[in-house]
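First comes the structure, then the notes that go with it.
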Amino acid sequence: MSLGAIRTDSGLARAVLIAAGVLCLALAFVFAKWHFANASSSRVEQKELADLMIELGPSDPQTHFAAAVLREQTFEPADAARSLAAYESAASLAPNNYLVWVALARARSQNGDDAGAEAAFRRATELAPSYSDVQWAFGNWLIRAGRADEGFALLRTAAIGRPEYMPPAAVTAMSLFDGDPARVRQRLGDTSAVNAALAAYFLSNKKFDEAVESWGRVDAVDRRGVYKQAGDQLAAQLAAAFRYRLASSVMAGMTDDGAPTPGILCNGGFESGIKLRDQRLFDWQIGSGTEPQIGLNETQKRTGGFSLFLIFNTMQAADMRQIAQTIAVESGAAYIFEGYYRSELKGSLAWEIVNAADGKSLARTSTIGTAADWTQFRAEFTVPPTSDGVTVRLVRDGCTSSVCPISGRLWLDDLSITKK
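Straight run, no breaks: the sequence shown in the working numbering ends on number 421.
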């Protein structure tokens with residue numbers, strides 16, 4: 002195809018072409034200004050630059066929003082008014098953006114315009130009726146405005162959509178209602194989520210009995226399901242505070258399989274197996290290492306289907322790993338710890354009972370040495386009046402130095418604790 006030339010001999014043609022060129026340049030300049038302003042608003046760092054961006058892109062809501070945020074952060078009285086004006090402009094340019102309306106509501110509230118703030122919050126709610134963030138912001142504003150019933154209704158709805166909102170909602174309610182959990186449940190509901198949040202609140206304030214009472218109101222299915230991790234943390238923190246009976250009651254409500262009971266040694270016959278890692282709080286705790294080797298034995302057992310089987314072969318007393326269990330008990334009460342063993346040991350062991358709170362020894366069995374038949378070991382002890390937990394642990398016996406050889410095999414079965 003041949004190329005043709007456009008004749009521009011006439012003055013009218015030249016004028017048309019010049020006008021078209023000027024129009025294209027003008028449109029390109031306007032577009033470039035808008036694009037530059039829009040791009041810069043997302044990374045602007047100085048309020049003066051934000052104002053410049055507004056001049057370059059006056060119809061872009063992002064530039065107005067960026068200027069509003071930056072001036073709001075100066076905390077200067079003069080900037081507060083300019084920040085509010087920029088939020089107003091952003092909302093007028095983006096009337097269907099709920100985030101802008103939430104920001105405007107907060108700005109109006111900070112400037113004393115409560116009616117305007119409520120109107121902006123309601124506009125945001127109309128635009129995003131099911132968004133938890135909007136409900137949360139509006140609900141908190143209503144509470145600060147003295148409209149607690151409306152506010153907590155919105156917080157409750159927000160926490161349904163975003164469960165992480167329930168703990169701070171409970172903290173707010175406890176602060177407002179003088180620490181009365183009944184009034185909190187009245188406003189937020191007597192639900193598993195509310196009671197789990199209250200348990201965490203009381204625990205953080207070291208009100209352990211109240212924490213367990215609130216935890217007990219969590220639905221049994223939820224305790225073993227959605228809130229199991231929270232229950233594990235509650236029990237662990239109670240034990241760390243040396244409240245073993247409370248920790249035991251929390252753990253008991255989370256499982257039917259070997260649930261801990263105060264005054265009862267768990268799995269003393271080893272019929273439920275043992276875990277070498279990830280043990281629960283009141284399970285047998287087996288330390289890391291290889292000395293001794295530990296497993297179950299179904300050939301040599303006193304009763305049931307299994308005994309605990311240990312193989313020793315070391316020269317060092319410090320090599321022995323932990324074999325222990327913590328039991329919740331009654332303060333000041335007297336107990337008997339007993340069990341049975343068979344042994345082909347060269348070396349000696351013993352069971353020691355210590356105060357779980359401070360590790361001080363309460364009693365110790367006689368030496369576990371060689372025994373061809375099942376032989377009983379036994380120790381009596383009294384729980385200190387200031388403690389409600391003890392730990393039984395297998396320890397080396399008769400070692401006078403770090404070099405303390407032991408070798409051979411040991412079987413254990415039918416361990417128990419009974420109150421005198």
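Note that CB positions come from ideal geometry on N, CA and C, so glycine has one too.
Anyone know if the C-beta pair for proline 164 and alanine 183 falls short of 8 angstroms?
For the purposes of this step, residue 164 is identified with residue 163 of the sequence shown, where counting begins at 1. For the purposes of this step, residue 183 is identified with residue 182 of the sequence shown, where counting begins at 1. It is not a contact, given that the beta carbons lie outside the stated cut-off.
Are the CB atoms of arginine 365 and glutamate 353 nearer to each other than 8 angstroms?
For the purposes of this step, residue 365 is identified with residue 364 of the sequence shown, where counting begins at 1. For the purposes of this step, residue 353 is identified with residue 352 of the sequence shown, where counting begins at 1. Closer than 8 angstroms, so yes.
Could you check what DSSP says for aspartate 115 in three-state terms: helix, strand or coil?
Here residue 115 corresponds to residue number 114 of the sequence shown, with the count starting at 1. Reduced to three states, the DSSP call for aspartate 115 is helix.
Evaluate the contact criterion for the stretch 333 to 350 versus the stretch 278 to 285: three or more CB pairs, one atom per stretch, below 8 angstroms.
no
Using the three-state DSSP reduction, which class does valine 227 fall into: helix, strand or coil?
Against the sequence shown, residue 227 aligns to sequence position 226. If DSSP states are grouped into helix, strand and coil, valine 227 belongs with coil.
Assuming tyrosine 245 and alanine 357 are in contact, meaning their beta carbons sit under 8 angstroms apart, how far apart are those beta carbons, in whole angstroms?
Taking the sequence shown and counting its residues from 1, one reaches residue 245 at position 244. Taking the sequence shown and counting its residues from 1, one reaches residue 357 at position 356. The Cβ separation is near 6 angstroms, so the contact holds.
Identify which residue in Arg218, Ser250, Trp412 has its Cα closest to the Cα of glutamate 345.
If you number the sequence shown from 1, residue 345 lands on position 344. When only C-alpha atoms are compared, the closest one is Trp412.
Using DSSP's beta-bridge definition, name the partner residues of alanine 325.
Residue numbering aside, residue 325 sits at position 324 when the sequence shown is read from its first letter. Paired residues: Gln286, Arg394.
Under 7 angstroms Cβ to Cβ from aspartate 115, same chain only, skipping five residues before and after it: list those, please.
Mapped onto the sequence shown, residue 115 falls at position 114. Same-chain partners within the cutoff: Ala146.
Leaving out the 5 sequence neighbours to the left and right, which residues in its chain are closer than 8 angstroms to glycine 333 when beta-carbon positions are compared?
In the sequence shown, the residue the question calls residue 333 occupies position 332. Taken in chain order, the residues that qualify are Thr383, Val384, Pro385, Pro386.
With DSSP as the reference, label tyrosine 245 as helix, strand or coil.
Sequence index remark: in the sequence shown, residue 245 carries index 244 (1-based). Tyrosine 245 falls in the helix class under three-state DSSP.
In its own chain, which residues sit with a C-beta less than 6 angstroms from the C-beta of glycine 152, not counting the 5 before and 5 after it?
For the purposes of this step, residue 152 is identified with residue 151 of the sequence shown, where counting begins at 1. So the list reads Gly140, Leu143, Ile144, once near-sequence residues are dropped.
Is the CB-CB distance between serine 408 and phenylalanine 313 below 8 angstroms?
Here residue 408 is taken as the residue at index 407 of the sequence shown, counted from 1. Here residue 313 is taken as the residue at index 312 of the sequence shown, counted from 1. Yes, the Cβ-Cβ distance between serine 408 and phenylalanine 313 is below 8 angstroms.
I need the straight-line Cα distance from phenylalanine 378 to threonine 158, nearest angstrom please.
In the sequence shown, counting from the first residue as 1, residue 378 sits at position 377. In the sequence shown, counting from the first residue as 1, residue 158 sits at position 157. In a straight line, the C-alpha of phenylalanine 378 is about 60 angstroms away from that of threonine 158.
Leaving out five residues on either side along the sequence, give the residues of the same chain with a beta carbon under 7 angstroms from the beta carbon of methionine 461.
The question about residue 461 has no answer, for the chain in this structure spans 2 to 421.
Taking 8 angstroms as the limit between beta carbons, can you name the residues of its chain near glutamine 323, skipping five residues before and five after?
Counting from 1 along the sequence shown, the entry for residue 323 is found at position 322. Excluding positions up to five away in sequence, the list reads Gln286, Ile287, Gly288, Arg394.
Kindly indicate which three-state DSSP category threonine 126 falls into: helix, strand or coil?
If you number the sequence shown from 1, residue 126 lands on position 125. Threonine 126: helix per DSSP, three-state reduction.
What is the rounded straight-line gap between the Cα of glycine 290 and the Cα of aspartate 320?
The sequence position of residue 290 within the sequence shown is 289, counting from 1. The sequence position of residue 320 within the sequence shown is 319, counting from 1. Put simply, the backbone Cα of glycine 290 is about 8 angstroms away from that of aspartate 320.
For proline 293, name the three-state secondary structure that DSSP assigns.
Here residue 293 is taken as the residue at index 292 of the sequence shown, counted from 1. In the structure shown, proline 293 sits in coil (DSSP, three-state: anything other than H, G, I, E or B).
Between which two residues does the alpha helix (DSSP H) containing alanine 95 stretch?
Locating residue 95 in the sequence shown gives position 94, where the first residue counts as 1. From DSSP, alanine 95 is part of no alpha helix (DSSP H); its letter is neither H nor E.
Around the Cβ of asparagine 196, are there at least 16 other Cβ atoms within 10 angstroms (buried) or fewer (exposed)?
Here residue 196 is taken as the residue at index 195 of the sequence shown, counted from 1. Label assigned to asparagine 196: buried.
Check this for me: beta carbons of leucine 204 and leucine 247, under 8 angstroms apart or not?
For the purposes of this step, residue 204 is taken as the residue at position 203 of the sequence shown. For the purposes of this step, residue 247 is taken as the residue at position 246 of the sequence shown. In this structure, leucine 247 does not lie closer than 8 angstroms to leucine 204 by Cβ.
Could you tell me the distance, in whole angstroms, from the CA atom of glutamate 73 to the CA atom of proline 169?
Residue numbering aside, residue 73 sits at position 72 when the sequence shown is read from its first letter. Residue numbering aside, residue 169 sits at position 168 when the sequence shown is read from its first letter. Spanning the two alpha carbons is a distance of roughly 25 angstroms.
Can you tell me whether glutamate 339 is helix, strand or coil according to DSSP?
If you number the sequence shown from 1, residue 339 lands on position 338. Three-state result, glutamate 339: strand.
Quick check on this structure: which residue in Leu100, Arg109, Asn112 has the alpha carbon closest to the alpha carbon of threonine 126?
As a first step, residue 126 is located in the sequence shown; it is residue number 125 there, counting from the start. Of Leu100, Arg109, Asn112, the residue nearest in Cα terms is Leu100.
Use the C-beta contact count for aspartate 374: other C-beta atoms within 10 angstroms, 16 or more gives buried, fewer gives exposed.
Taking the sequence shown and counting its residues from 1, the one referred to as residue 374 is at position 373. Per the 10 Å Cβ criterion, exposed.
Using the Cβ count rule (16 or more neighbours within 10 Å means buried), how would you classify alanine 79?
The sequence position of residue 79 within the sequence shown is 78, counting from 1. Alanine 79 is exposed by the Cβ-count criterion.
Kindly indicate which residue of Gly340, Ala106, Ala82, Ala160 has the alpha-carbon position closest to the one of threonine 419.
The residue you call residue 419 lines up with position 418 of the sequence shown. For the residues Gly340, Ala106, Ala82, Ala160, the minimum Cα distance to threonine 419 belongs to Gly340.
Checking 8 angstroms against the spacing of the C-beta atoms, do threonine 304 and aspartate 414 come in under that value?
The residue labelled residue 304 in the question sits at position 303 within the sequence shown. The residue labelled residue 414 in the question sits at position 413 within the sequence shown. Their beta carbons are under 8 angstroms apart, which means threonine 304 touches aspartate 414 by this criterion.
Considering only their Cβ atoms, is the gap separating threonine 327 from threonine 392 smaller than 8 angstroms?
Here residue 392 refers to the residue found at position 391 when the sequence shown is read from its first residue. Here residue 327 refers to the residue found at position 326 when the sequence shown is read from its first residue. Yes; because the gap between Cβ atoms is below 8 angstroms, this pair is in contact.
Is the CB-CB distance between alanine 174 and leucine 189 below 8 angstroms?
Within the sequence shown, the letter at position 173 stands for residue 174. Within the sequence shown, the letter at position 188 stands for residue 189. Yes, these two residues count as a Cβ contact at 8 angstroms.
Identify, in the order they occur along the chain, each residue of the same chain with its Cβ nearer than 6 angstroms to the Cβ of glutamine 136, setting aside the five sequence neighbours on each side.
The residue labelled residue 136 in the question sits at position 135 within the sequence shown. The residues are Leu155, Thr158, Ala159.
Where are the alpha helix (DSSP H) runs, 4 residues long or more, that stay fully inside the stretch 165 to 247, in chain order?
Listed in chain order, they are 167 to 177, 182 to 189, 193 to 205, 209 to 216, 221 to 225, 229 to 241.
DSSP three-state label for alanine 81, please.
Residue mapping note: residue 81 aligns to position 80 of the sequence shown, counting from 1. Here alanine 81 sits in helix by DSSP.
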